[in-house]
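Under this note's numbering, residues -14 to 61 are what the sequence shown spells out, in order.
All residues carry an ideal CB built from backbone N, CA and C; glycine is no exception.
Input: a single structure, listed below in structure tokens.
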Amino acid sequence: MKITTKGQVTIPQRLRQKFGLLPHTEVVFEEIDGRVVLRPVLSKRALVAQRLCEVRGIAGPGMSTDEVMRLTRGDE
């Protein structure tokens, strides 16, 4: 695959389909560890959903209801 004189390149169809790169999809090029990476620009909703998935399950069990009640009421 070659880059045209205008800096254009054709993304193979199998990759466009696999990653949902439809016509008019906005993409961004990033440099990561010395490589050029192309990724779609996520909508705000998709970005929030992705970030929530990343942090899901990282919090510990926390305090029980009884522990919270004792803490807020000052009962020791």
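Hey, quick one: how far does the beta strand (DSSP E) through arginine 24 stretch, first residue to last?
20 to 25
N- and C-terminal bounds of the beta strand (DSSP E) containing valine 13:
12 to 17
Is glutamine -2 helix, strand or coil by DSSP?
helix
How many Å lie between threonine 50 and arginine 36 at the Cα?
The straight-line gap separating the alpha-carbon atoms of threonine 50 and arginine 36 is approximately 28 angstroms.
Please go through the same chain and pick out, in chain order, the residues whose beta-carbon is closer than 8 angstroms to the beta-carbon of leucine 0, but skip the five residues on each side of it.
Leu6
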